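Participant: Below: one structure in structure tokens.
There are 2 protein chains.
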Amino acid sequence: MAKKLFGVDLGGTTIKFAILTQEGEIQQKWSIRTNILDDGSHIVPDIVDSINHHLDLYKMTPDQFVGIGMGTPGTIDRDKGTVVGAFNLNWKTTQRVKEQIEEGTGMKFALDNDANVAALGERWKGAGNEGDDVAFITLGTGVGGGLISNGKLVHGIVGAGGEVGHMIVKPNGYLCTCGNRGCLEQYASATGVVHVAQDKAEEYEGNSRLKAMIDNGDEITSKIVFDLAKDNDYLANTVVDEVTYYLGLACANLSNVLNPEYLVIGGGVSAAGDFLLKRVQKNFEKFAFPTVRTSTQLKLAELGNDAGVIGAASLARQFESVN
Amino acid sequence: MAKKLFGVDLGGTTIKFAILTQEGEIQQKWSIRTNILDDGSHIVPDIVDSINHHLDLYKMTPDQFVGIGMGTPGTIDRDKGTVVGAFNLNWKTTQRVKEQIEEGTGMKFALDNDANVAALGERWKGAGNEGDDVAFITLGTGVGGGLISNGKLVHGIVGAGGEVGHMIVKPNGYLCTCGNRGCLEQYASATGVVHVAQDKAEEYEGNSRLKAMIDNGDEITSKIVFDLAKDNDYLANTVVDEVTYYLGLACANLSNVLNPEYLVIGGGVSAAGDFLLKRVQKNFEKFAFPTVRTSTQLKLAELGNDAGVIGAASLARQFESVN
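Here it is in structure tokens:
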């Protein structure tokens, strides 16, 4: 019987698991809460336990798997299989993840960062259509990215490749958590959209439900801003204009450099769908090099939350030949 | 005896040739004028003749070579070995370069665009130090680039990868030949530097030799601007400030995406040397993501005019196993 792949998507609130065929079809999936107490020391044991428990449940054995792939936040040493500085997991010191999981499960293990793994997922089974040149931008609490060139992830020399959220789109703009000013993340993440909305509301004096909510002290989300914009709220539309302007500029500059076949936009903010995509596209066309404009295609992500486990599982395919 | 490599660097004014060892050492080099008359129809026959003539001269035969690699302007189909739209060669229709050169010389032939080939050269024997992740920017009449990730050139889906000269550094800035506004090329190429100088001279009212020259109608070059800046001319220094600001921004955004080990700056404008590099570096540090700032190293190119033939020759190494 053909061996299976294990995909794990480790996040700050949940850990998602899936068992997939080598063709990338999910056969089982489940998730557990991430226990970040005690410096995150329960996380890896919890992963091992959950894997072993489900193997029992499905009456499967480690030798029926090619291996396990996992996406994780933090700074990763892919060769050593360690992670450090994943602050939403409380991992402040170096975690020997690969060693512990291989020992605990008896399966081979590979890992990469969460945005890279989501990019691999969208490339394999989603909007990337198995292309060799695919760029992925995820608009969530922050803005992350995963870039695939010649069929391989762009890691760069220390793994900072794909930091598209920190492309500078507005020199001297909003201060970013990274210490720089004007990073894309400060305009196109969920929190960035809200920041832009608050600033624009302050200057705006016309009629607007968005302005009324902000003035009233209601909690604003990126979803509220986009929903009001779709409903023709003037202020909300100026917010979306600004967000999609900087996003279009970043997509164009990224594409002028990489000329990917597909530039895939995912993450929570992308739930605004075609309304978002069309306005990003308009700005992309303004800033993209002519050859790039006609060859790089902007698309919405297709896999939603499954991108992580699917992409993670694809990491395990490197073990196919040795199993 | 170990086989040799042939490198050809096809430009609008000269065609450079070199015979190299497989270790990248140049053993012979020469060049001929590019004859662009009659729709550039003499170019390929001239290349074939020059190669065959020099084989005779050195009493060598085609089977002593792994193959020929060539860098060329224009839009390239690497699989078919054709070139189209190389306007400085007068090549308006599709040229079957590979077919004609293989037939005419009896050697295998591969080609890529000139900036990519120069990047390969700098990576192999120059500032790139054989790194797997190297970015190359060339500041000449225009601004070109060649990007290497995971040891391979980033071509993208239709070969527009590496168009760093068309990254937008100033939305709504100077109009570019590509039709967009604010491309890096309009600020950091030799002509861009002069354009910035002319605009700044118009507003400036203080003492400046640069301003005096421009007001006098003297012909200004990028070299003159940098030489005057080194000599503490105030206006020339504001020009260099602006040029290196946009260049530093582009280098940072490129590095935030690719995190190369080395970002190599070459081309005529880079003759300004450390004076240029230091000011680009200052702006790069302002705009680069912290991890990138400490891991990506900016360097000046080291091979000068030889980068083209050396990088071109490296293309022929793909034939090593089949010869």
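Chains Y and U, in that order, are what the protein sequence lines are. Here the working numbering is used: the first sequence runs in plain steps of one and ends on residue 340. Here the working numbering is used: the second sequence runs in plain steps of one and ends on residue 340. C-beta: ideal position from N, C-alpha, C; glycine also. As the structure is a computational prediction, the values presented were derived from the model and not from experiment.
1) Nearest CA to the CA of H71 (chain U): which residue from U:Q117, U:F23 and U:M87?
2) Based on DSSP bridge pairs, tell me the residues matched to G283 (chain U).
3) When Cβ atoms are compared, which residues of the stretch 172-198 of chain U fall closer than 8 Å to chain Y?
4) Please list the partners that F23 (chain Y) has in chain U, where partner means a Cβ-to-Cβ separation under 9 Å.
5) Between the C-alpha atoms of V100 (chain Y) and E119 (chain Y), what's the straight-line distance to the nearest angstrom?
6) So S272 (chain U) is in the alpha helix (DSSP H); what residue range does that whole segment cover?
7) Are F301 (chain Y) and C268 (chain Y) closer than 9 Å when you measure CB to CB?
8) When the Cα atoms are used, what is the spatial distance from T308 (chain U) to H183 (chain Y)?
9) Could you list the residues in the stretch 284-306 of chain Y with a C-beta less than 9 Å from some C-beta on chain U, going in chain order?
10) Can you pull the chain U residues whose beta carbon is under 8 Å from the beta carbon of G217 (chain Y), in chain order?
11) Are V186 (chain Y) and G179 (chain Y) touching if we call contact CB-CB under 9 Å?
12) Whose Cβ in chain Y lies nearer than 9 Å to the Cβ of D258 (chain U)?
13) With I231 (chain Y) as the anchor, note down where its alpha helix (DSSP H) starts and where it stops.
14) Among Y:I282, Y:Y262 and Y:E147, which residue has its Cα nearest to the Cα of K303 (chain Y)?
15) Using only the alpha-carbon positions, how far apart do G234 (chain U) and A218 (chain U) sit?
16) Straight-line CA distance for G29 (chain Y) to L315 (chain U)?
17) At a Cβ threshold of 9 Å, is L72 (chain Y) touching chain U?
18) If we count Cβ pairs, one from each stretch, closer than 8 Å, do we get three or more for the stretch 136-144 of chain U versus the stretch 97-117 of chain U?
19) Taking Cβ-Cβ distances shorter than 7 Å, what residues in chain U pair up with P277 (chain Y)?
20) What's the C-alpha gap between L201 (chain Y) and D73 (chain U)?
21) For the alpha helix (DSSP H) holding D55 (chain Y), just list the boundary residues, first then last.
22) So T31 (chain Y) and S48 (chain Y) are supposed to be a Cβ contact under 8 Å. How far apart are they, rounded?
23) Residue range of the beta strand (DSSP E) that S166 (chain Y) falls in?
24) Determine the closest residue to G265 (chain U) out of U:T238, U:S239, U:L293 and U:L320, with distance taken between C-alpha atoms.
25) In this structure, does DSSP put S206 (chain Y) in helix, strand or coil?
26) From which residue to which residue does the beta strand (DSSP E) around K76 (chain Y) run?
27) Assuming G98 (chain U) contacts V114 (chain U) under a Cβ cut-off of 8 Å, what Cβ separation, rounded to an integer in Å, is found between them?
28) Once DSSP output is grouped into helix, strand and coil, what is the label at R95 (chain U)?
29) If you draw a straight line from the C-alpha of A214 (chain U) to the C-alpha of R296 (chain U), how long is it?
30) How would you label K299 (chain U), buried or exposed, when you count the other beta carbons within 10 angstroms and need 16 or more for buried?
31) Answer yes or no: do T40 (chain U) and N146 (chain U) have a C-beta to C-beta separation smaller than 9 Å?
32) Once DSSP output is grouped into helix, strand and coil, what is the label at N340 (chain Y)?
33) Quick one: measure Cβ to Cβ for V160 (chain U) and V181 (chain U), integer angstroms, because I've assumed they're closer than 8 Å.
34) Does any C-beta atom of chain Y lie closer than 9 Å to the C-beta of N167 (chain U)?
35) Going by other Cβ atoms of all chains shown within 10 Å of its Cβ, with 16 needed for buried, is G290 (chain Y) buried or exposed?
36) Chain Y beta carbons: is any one of them nearer than 9 Å to that of T92 (chain U)?
Facilitator: On the basis of the supplied data:
1) U:F23
2) U:T155
3) H172, G173, I174, V175, G176, A177, G178, G179, E180, V181, H183, M184, I185, P188, C195, G196 and N197
4) None at all; the shortest Cβ gap to chain U is about 25 Å.
5) 15 Å
6) Y251 to L275
7) yes
8) 11 Å
9) K303, F304, A305 and F306
10) One point to set straight first is that residue 217 (chain Y) is Lys, not Gly, in the sequence displayed. Those within 8 Å of K217 (chain Y) in chain U number zero; the least Cβ separation is about 19 Å.
11) no
12) Here the premise fails: no neighbours, minimum Cβ distance about 14 Å.
13) R226 to D232
14) Y:Y262
15) 12 Å
16) 36 Å
17) no
18) no
19) G173 and I174
20) 59 Å
21) L54 to G57
22) 5 Å
23) V160 to S166
24) U:L293
25) coil
26) Where K76 (chain Y) is concerned, there is no enclosing beta strand (DSSP E), given that its DSSP letter is neither H nor E.
27) 6 Å
28) coil
29) 17 Å
30) exposed
31) Note that residue 40 (chain U) is Glu in the sequence shown, not Thr. Going by C-beta atoms, E40 (chain U) is not nearer than 9 Å to N146 (chain U).
32) Low confidence applies to N340 (chain Y): its pLDDT is 45, below 50, so where it sits in the model is not reliable enough to give any reading.
33) 7 Å
34) yes
35) exposed
36) yes
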